[in-house]
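K.L.:
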Amino acid sequence: MIKKHKIFFISTILSIGLFASVPSFAKQNINLNTASEWAKPEISKAYNYNLLTNKVTNNYTSYITREEFTELTIKLYRSLSGKELPNVNSNPFSDTQNPSVIVANELGIVNGIGHGLFAPNNTATREEIVVMLYRTLKAARPNSNVESEILYIFKDQNTISKWAVNEVIYLCKTGVVNGNEDKMFVPGAYTSKEEAIAFLQRMYENFGGRYIESNDLPSRSGSNSYVAGQLQTLLSQEMEKPYQWGATGPNSYDCSGLVYSVYGKLGISLPRVSRDQAKAGVYVSKDNLQYGDLVFFAADGKTVNHVGIYVGDGKFVHAPSTGDVVKTSSLSSAYYSRTYYTARRVIR
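Residue numbers for the sequence shown follow our numbering, so the first one is 1400 and each next one is one higher.
1. Thinking just about the alpha-carbon of each residue, which of 1652, 1710, 1524 and 1635 is nearest to the one in residue 1720?
2. Can you round the beta-carbon distance between residue 1601 and residue 1575 to whole angstroms, since I take them to be within the 8 Å contact cut?
3. With 16 other CB atoms within 10 Å as the buried threshold, where does residue 1702 fall?
4. Evaluate the contact criterion for the stretch 1583-1601 versus the stretch 1462-1474: three or more CB pairs, one atom per stretch, below 8 Å.
5. Rounded to whole angstroms, what's the CA-CA distance from residue 1525 to residue 1637? Just pull it up for me.
6. Is the beta carbon of residue 1739 closer than 9 Å to that of residue 1685?
7. Does DSSP classify residue 1702 as helix, strand or coil?
8. Check whether the Cβ atoms of residue 1518 and residue 1467 lie closer than 9 Å to each other.
9. Pairing CB atoms from the stretch 1495-1504 with CB atoms from the stretch 1430-1445, are three or more of them under 8 Å?
10. Out of 1717, 1451, 1687 and 1562, which one is the CA nearest neighbour of residue 1727?
11. Going along the chain, which residues of its own chain have a beta-carbon closer than 7 Å to the beta-carbon of residue 1676, five neighbours each way excluded?
12. From residue 1663 to residue 1477, what distance separates their C-alpha atoms?
13. Taking its Cβ as the centre, do 16 or more other Cβ atoms sit within 10 Å of residue 1527, making it buried, or is it exposed?
14. Which residue from 1695, 1481 and 1581 puts its Cα closest to that of residue 1737?
15. Return the CA-CA distance between residue 1563 and residue 1570, expressed in angstroms with no decimal places.
16. Assuming contact is defined by CB atoms lying nearer than 9 Å, are residue 1742 and residue 1688 in contact in what I supplied?
17. Checking the sheet assignment: what are the DSSP bridge partners for residue 1696?
18. Thinking C-alpha only, which one of 1555, 1457, 1712 and 1456 is nearest residue 1584?
19. Give the secondary structure of residue 1431 by DSSP, where H, G and I count as helix, E and B as strand, and everything else as coil.
20. Is it buried or exposed, residue 1436, if we count other Cβ atoms within 10 angstroms and call 16 or more buried?
21. Among 1487, 1560 and 1532, which residue has its Cα nearest to the Cα of residue 1470?
22. Fully enclosed by the stretch 1508-1533, which beta strand (DSSP E) runs are 3 residues long or longer?
23. In terms of residue numbering, what span does the beta strand (DSSP E) encompassing residue 1715 cover?
24. For the beta strand (DSSP E) that residue 1728 lies in, which residues bound it at each end?
25. From the DSSP output, which residues share a beta bridge with residue 1591?
26. So is residue 1540 buried or exposed if we call it buried at 16+ other beta carbons inside 10 Å?
27. What does the Cβ neighbour count give for residue 1561, buried or exposed, with the cut at 16 atoms within 10 Å?
28. Excluding the 5 residues preceding and the 5 following residue 1538 in the sequence, name in chain order all residues of the same chain whose CB lies nearer than 8 Å to its CB.
29. Between the alpha carbons of residue 1592 and residue 1433, how many angstroms are there, rounded?
30. With a threshold of 16 other CB atoms inside 10 Å of the CB of residue 1666, please say whether the residue is buried or exposed.
31. Could you tell me the distance, in whole angstroms, from the CA atom of residue 1711 to the CA atom of residue 1586?
32. How would you write the range of the alpha helix (DSSP H) that residue 1675 sits in, first residue to last?
33. Which residues in the same chain as residue 1473 place their Cβ atom closer than 7 Å to its Cβ, once the five residues preceding and following it in sequence are excluded?
34. Just list the residues that DSSP pairs residue 1682 with in beta bridges.
35. Let me check one thing: in DSSP terms, what residues is residue 1448 bridge-paired to?
Dropping the structure here:
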C-alpha cells in the first residue's frame, strides 16, 4: 500500500510557487547559444508563449528529465485549459515534493513507476514525452476526440510500447511529433531539452489558438460567411484549369500549388508542398470538417502526397494529376476514401 505524504502548502501557495515567477522570467533575454540552429525558432516561440521554466533554458542539447518536462506540461495545461490548478492534499510519491509533479499526477498527466516512486531525475524517452503531452491535452480539453485510427507510419512502430501507440500516432497526425529521415520514431531514445520544447510549442500552436506562423488568420467567428464567400469566389475562378506539376498558377496548378495560391490570396501563408501543409493549422477529424479545411491523402497510407480544399457535403476541390483539371471530387469515392489521411484547419 502506497503511503501518502502530506504536502505542507495550500493551493494558493502552490499556484504562486509555480506561476508567479513567469512574468519576470518572460522579461529576460533568452540565451540560445547552446541550442541547435533548427531548434532556435521553436525555443523562441515557446519562450514567447510563456511555456518555459528556468530549468530548461540552458544546455538545450542535454537530455530532459521526467520532472523537468512535467513542469512544462503544467504550464501547457494552464495555457490550453485556462483553468486554475486543482487543490491537492496529498503526495503519492516518496522521492519528490515537486508541486508540478504532484498536480500533474492529480490531473492524470503523469504516473509513477511503482512502489510510490516517480523517478524525477530519470531521463524522459520520446514515447514518455508524447504520452505526457497527449494526457495534458486530455486533461485540458476533456471533451476533445483524441482517439486515432492506428495507421502504419513508422518502420519501427512495433517497438512502440502498447500504452503509447495511439498517443504517438495521434500526435504525429496532428503535426506535433515526427520521425527521423529513415521514418523511424525511436520510442525509447532519450529526449533533449530542445526537442521536448519543440514538441511543447507545436502542441500549443496546434491546440491553443495560434495557427499560422506569420499571419493573423481570418476568423470564422463573426465573419464565417465573409471568409467562405471569399474562398468560394477564388475557387470558382480556378475551376477547370489544367494540372501541371510544380505550378502555382495563374494558368495551371499542382495540388499543393492550388492550395498555396488560393490561401495566399486570403492572407494565409502556407508551406508550398502538401507534406508540409499537413503540419499547418490544427488537426480536425473527418466527421468535423468545415468549409475551407484542408484534406490530405496518402497513397501508401503513411506519406502525404495529395491535398484538397473541403467545400462541404463530403466534397473537396483539388488539382488531381497530369491530364486532369481543377475540379470537385467526393471523399466517399473509392480511391479518396481509401487514401484519406488527415485534415487541418487553417481558418479559425
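Glycine included, C-beta positions come from ideal geometry on N, C-alpha and C.
The structure presented is a predicted model; accordingly, all values stated were derived computationally and were not measured.
P.N.:
This is what the structure gives:
1. Locating residue 1720 in the sequence shown gives position 321, where the first residue counts as 1. Looking at the Cα atoms, 1652 is the closest of the given residues.
2. What you label residue 1601 is simply residue 202 of the sequence shown in a count that begins at 1. What you label residue 1575 is simply residue 176 of the sequence shown in a count that begins at 1. Between residue 1575 and residue 1601 the Cβ distance is about 5 Å, and since that is below 8 Å, they are a contact.
3. The sequence position of residue 1702 within the sequence shown is 303, counting from 1. With fewer than 16 other Cβ atoms within 10 Å, it is exposed.
4. Yes, since at least three Cβ pairs between the stretch 1583-1601 and the stretch 1462-1474 fall closer than 8 Å, the two stretches touch.
5. Taking the sequence shown and counting its residues from 1, one reaches residue 1525 at position 126. Taking the sequence shown and counting its residues from 1, one reaches residue 1637 at position 238. The alpha-carbon of residue 1525 is positioned some 44 Å away from that of residue 1637.
6. Within the sequence shown, the letter at position 286 stands for residue 1685. Within the sequence shown, the letter at position 340 stands for residue 1739. Yes.
7. In the sequence shown, counting from the first residue as 1, residue 1702 sits at position 303. Collapsing the DSSP output to three states places residue 1702 in coil.
8. Along the sequence shown, one-based indexing puts residue 1518 at 119. Along the sequence shown, one-based indexing puts residue 1467 at 68. No.
9. These segments do not touch.
10. Looking up residue 1727 in the sequence shown gives position 328. The option with the nearest alpha carbon to residue 1727 is 1717.
11. As a working note, residue 1676 is residue 277 in the sequence shown. Result list for residue 1676: 1655, 1658, 1669, 1670, 1693 and 1706, in chain order.
12. For this step, residue 1663 is matched to residue 264 along the sequence shown. For this step, residue 1477 is matched to residue 78 along the sequence shown. Those two C-alpha atoms are separated by around 33 Å.
13. Numbered from its first residue, the sequence shown carries residue 1527 at position 128. Buried, by the Cβ-count rule.
14. Translated into positions along the sequence shown, residue 1737 becomes position 338. Taking only the C-alpha atoms, the option nearest residue 1737 is 1695.
15. The residue given as residue 1563 occupies position 164 in the sequence shown. The residue given as residue 1570 occupies position 171 in the sequence shown. If I take the Cα positions, the gap works out to 11 Å.
16. To locate residue 1742, count along the sequence shown from 1; it is residue 343. To locate residue 1688, count along the sequence shown from 1; it is residue 289. Yes.
17. The residue given as residue 1696 occupies position 297 in the sequence shown. Partner residues in the beta bridge of residue 1696, as assigned by DSSP, are 1705 and 1739.
18. Position 185 of the sequence shown, counting from 1, holds the residue named residue 1584. Out of 1555, 1457, 1712 and 1456, 1555 has the C-alpha closest to the C-alpha of residue 1584.
19. Position 32 of the sequence shown, counted from the start, is the residue given in the question as residue 1431. Collapsing the DSSP output to three states places residue 1431 in coil.
20. Reading the sequence shown from its first residue, position 37 is the one you call residue 1436. Exposed, because fewer than 16 other Cβ atoms sit within 10 Å of the Cβ of residue 1436.
21. By 1-based counting over the sequence shown, the position of residue 1470 is 71. Nearest of 1487, 1560 and 1532 to residue 1470, Cα basis: 1532.
22. If only complete runs of 3 or more residues are kept, the stretch 1508-1533 shows no beta strand (DSSP E) anywhere.
23. Along the sequence shown, read from residue 1 onward, the residue named residue 1715 stands at position 316. 1714-1717 is the span of the beta strand (DSSP E), which, as asked, contains residue 1715.
24. By 1-based counting over the sequence shown, the position of residue 1728 is 329. Run containing residue 1728: 1726-1729, per the beta strand (DSSP E) assignment.
25. For this step, residue 1591 is matched to residue 192 along the sequence shown. Residue pairing by DSSP puts residue 1591 in a beta bridge opposite 1462.
26. As a first step, residue 1540 is located in the sequence shown; it is residue number 141 there, counting from the start. So residue 1540 ends up on the exposed side.
27. Against the sequence shown, residue 1561 aligns to sequence position 162. When all chains shown are included, residue 1561 counts as exposed.
28. In the sequence shown, counting from the first residue as 1, residue 1538 sits at position 139. Same-chain partners within the cutoff: 1476, 1480, 1506, 1507 and 1508.
29. Here residue 1592 corresponds to residue number 193 of the sequence shown, with the count starting at 1. Here residue 1433 corresponds to residue number 34 of the sequence shown, with the count starting at 1. Their Cα atoms are separated by approximately 11 Å.
30. Within the sequence shown, the letter at position 267 stands for residue 1666. Here residue 1666 is exposed. Its C-beta has fewer than 16 other C-beta atoms within 10 Å.
31. Within the sequence shown, the letter at position 312 stands for residue 1711. Within the sequence shown, the letter at position 187 stands for residue 1586. C-alpha separation (whole angstroms): 38 Å.
32. On the sequence shown, residue 1675 is found 276 positions in, with the first residue counted as 1. Residues 1673-1676.
33. As a working note, residue 1473 is residue 74 in the sequence shown. Correct list, in chain order: 1417, 1499, 1502 and 1503.
34. If you number the sequence shown from 1, residue 1682 lands on position 283. According to DSSP, which records beta bridges pairwise, residue 1682 is partnered with 1743.
35. For the purposes of this step, residue 1448 is taken as the residue at position 49 of the sequence shown. DSSP, once it has assigned bridges, lists no residue as partnering residue 1448.
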